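> Next up is a structure, given as structure tokens.
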Amino acid sequence: MPARTSSPIPSALEQLGSLTDPLTSSDVVDLRCFLILVADPRDARGLRYPALALLCAAVSAVLTVARSLIAIGEWITDAPQHVLGVLGFAVDPLTGLRPVPHAATVRRLLQRVDGDALDAAISAYLQARTLPPIKPEAQKAPVRRVIAVDGKVVRGSRTATAAAIQLLAAMDHHGVVLAQRQVASKSNEIPAFAPLLDGLGLENTVVTVDALHTQHDHGAYLTSRGAHYVAVVKKNHPGLYAQVGKLPWRDIPLGHRTRDHAHHRDEIRRLKVAAFRHIDYPGARQAIQVVRWRRDLSTGKLTIERVNLITSLSVFDATCTELATWVRGHWGIENLLHHVRDRTFREDDSKVRTGNLPRTMASLRNLAISVFRQDGRPTSPPPSATPAAPTTGPYEPSVSRDEPGQISITQ
């Protein structure tokens, strides 16, 4: 069944095809230019399908919310000939048709492809899509880019002899995944922090982290890269925790306050900021305390939570409103990324465990979620939604005139 124009699921050809409109094709960032840099791990002898075409086909299927390798294979099997041509599959000179790869062929490639190389290609592509246009009338004070760093355990990847893999991701506060790194077995997220961010431009960027990454080495790394940080302080850093906790918070004036009613809860957030010199952390300029009052409107239960943080931003670098937004935005990575991968793509229900498959599938899901966000599309299809079939019949890829560089399906 062809995808309807009203479908919340984006076209499977998103950013993959060579456009026929010469006036706008130059505005499109072509994913193939980035995926071609991912080395083919297969033996060159007897290869029938190029790795680039197989990767593009897998991406296209996941963009239609294909949740499994079986669904990816079914999408490719259903793809019409012109779609296979766009993806890079060659015509068989004997039959005049483009042969369709078996799902096992796609699986063998995805389980062996280099995860770091694939994530680097996806990261470069997504950053290229988000580069702002050069405008002489650009605003005087550019908005800071804010990146949240957080990890996720892929529960379905656990086996009888090996723990589930853990992936560390860097996501901007708009919900676009900029980088991903697999945590080494028998280790934790801490050694993966700097390698995760090495490929990103961090000058004047604000990086938000939870307490696990409030490490002296991480603070020194970020300041050396010209970045700022907002970091949670907990008891895993006892000296710093005691130092920030002893500040006279009762006497410090309120900097920001919000009140929200949602999900049967009444929630009040209050933020205070204290600037002082002798914080035992590289580059730290201010301490922050956020107090959250949550009342469950169904039961009347009241919960009070206090969170202390530190930041390298001075009072002149950021307002209390901005700090409150960034602190809340960091906690949003759970909903913007982890929850979507679990709910929309059923990641934790997936049982793929062979080779690099768990990471590769997570990378493809990150790409799909990020493209949805960049294009302003929903990331949660209706409960009845199924992966969209490749476009056929009267539905053809075309360039949206309202959003240059974006591809939509029109009738």
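The opening residue of the sequence shown carries number 38 in our numbering; numbering runs sequentially from there. Here a beta-carbon is modelled for each residue, glycine too, at the ideal position from N, C-alpha and C. Because the structure is a prediction, the values reported are computed rather than measured.
1. Is Glu304 closer than 9 Å to Arg329 when the C-beta atoms are compared?
2. DSSP three-state call for Arg396: helix, strand or coil?
3. Could you pull out every residue in the same chain whose Cβ sits closer than 8 Å to the Cβ of Asp151, ignoring the five residues on either side in sequence?
4. Does the separation of the CB atoms of Ile347 and Val408 fall below 9 Å?
5. Determine whether the beta carbon atoms of Thr245 and Gly366 lie at a separation below 9 Å.
6. State buried or exposed for Val180, treating a residue as buried only when at least 16 other CB atoms are found within 10 Å of its CB.
7. Which term fits Pro415, buried or exposed, when burial requires 16 or more other beta carbons within 10 angstroms of its beta carbon?
8. Work out the CA separation of Asn241 and His255 for me, nearest whole Å.
9. Can you say whether Ile289 is buried or exposed, counting buried as having 16 or more other CB atoms within 10 angstroms of its CB?
10. Quick one: residues in its chain with C-beta nearer than 7 Å to the C-beta of Ala207, no 5 flanking neighbours on either side, listed in chain order?
11. The beta strand (DSSP E) spanning Gly282 covers which residue range?
12. For Arg302, which residues from the same chain have a beta carbon less than 8 Å from its beta carbon, with the 5 sequence-adjacent residues on both sides left out?
13. For chain D, is any of its Cβ atoms less than 9 Å away from the one on His211?
14. What do you get for Ile341, buried or exposed, if any count of 16 or more other CB atoms within 10 angstroms of its CB means buried?
15. To the nearest angstrom, how far is the alpha carbon of Leu106 from that of Phe71?
16. In whole angstroms, what separates the C-alpha of Ser224 from that of Ala248?
17. What is the rounded straight-line gap between the Cα of Pro275 and the Cα of Thr198?
18. Taking the alpha carbon of Arg135 as the reference point, which residue from Leu146, His119 and Leu277 has its own alpha carbon closest?
19. What are the start and end residues of each continuous alpha helix (DSSP H) run of 4 or more residues lying completely inside the region 198-263, in chain order?
20. May I ask which residues mark the beginning and end of the beta strand (DSSP E) holding His265?
21. How many Å lie between Thr260 and Arg182 at the Cα?
22. Thinking just about the alpha-carbon of each residue, which of Gly110, Ala116 and Phe126 is nearest to the one in Arg144?
23. Give the secondary structure of Ser435 by DSSP, where H, G and I count as helix, E and B as strand, and everything else as coil.
24. If you count every other CB in all the chains shown that lies within 10 Å of the CB of Leu373, and 16 or more means buried, which is it?
25. Taking all protein chains shown into account, do 16 or more other C-beta atoms lie within 10 angstroms of the C-beta of Thr397, making it buried, or fewer, making it exposed?
26. My output table needs one value for Ala165: the three-state DSSP class, helix, strand or coil.
27. Would you report the Cα separation of Gln280 and Phe230, rounded to the nearest angstrom?
28. Taking all protein chains shown into account, decide if Gln323 is buried (16 or more other Cβ within 10 angstroms of its Cβ) or exposed.
29. Could you check what DSSP says for Asp303 in three-state terms: helix, strand or coil?
30. Could you check where the alpha helix (DSSP H) with Ile109 kicks off and where it finishes?
31. What separation, rounded to the nearest whole angstrom, lies between the Cα atoms of Lys189 and Val137?
32. Compare the Cα-Cα distances from Asp129 to each of Val102, Leu155 and Tyr86 and report the closest residue.
This is what the structure gives:
1. Between Arg329 and Glu304, the C-beta gap is smaller than 9 Å, which places the two residues in contact.
2. helix
3. Val75, Ala76, Pro78 and Asn393
4. No, the pair does not count as a contact, with Cβ atoms beyond the cut-off.
5. yes
6. With fewer than 16 other Cβ atoms from the protein chains shown falling within 10 Å of its own Cβ, Val180 counts as exposed.
7. exposed
8. 16 Å
9. exposed
10. Ile184, Val186, Leu215, Ala216, Leu233, Leu234 and Leu237
11. Not the beta strand (DSSP E): Gly282 falls in the alpha helix (DSSP H), residues Pro275 to Gly282.
12. Arg331, Arg332, Asp333 and Leu334
13. Protein chains in the displayed structure number just one, and chain D is not present.
14. Its Cβ having fewer than 16 others within 10 Å, Ile341 is exposed.
15. Leu106 and Phe71 have their C-alpha atoms roughly 22 Å apart.
16. Straight-line measurement puts the Cα of Ala248 at about 17 Å from the Cα of Ser224.
17. 35 Å
18. The shortest C-alpha separation from Arg135 is found at His119.
19. 230-234 and 253-261
20. For His265, the enclosing beta strand (DSSP E) covers residues His265 to Val270.
21. 15 Å
22. Taking Arg144 as reference, the option from Gly110, Ala116 and Phe126 with the minimal CA-CA separation is Gly110.
23. Note that Ser435 scores 31 on pLDDT, short of 50, meaning its location in the model is unreliable and no value can be drawn from it.
24. buried
25. buried
26. helix
27. 25 Å
28. buried
29. If DSSP states are grouped into helix, strand and coil, Asp303 belongs with the strands.
30. Leu106 to Asp115
31. When rounded, the distance between both Cα atoms is 35 Å.
32. Tyr86
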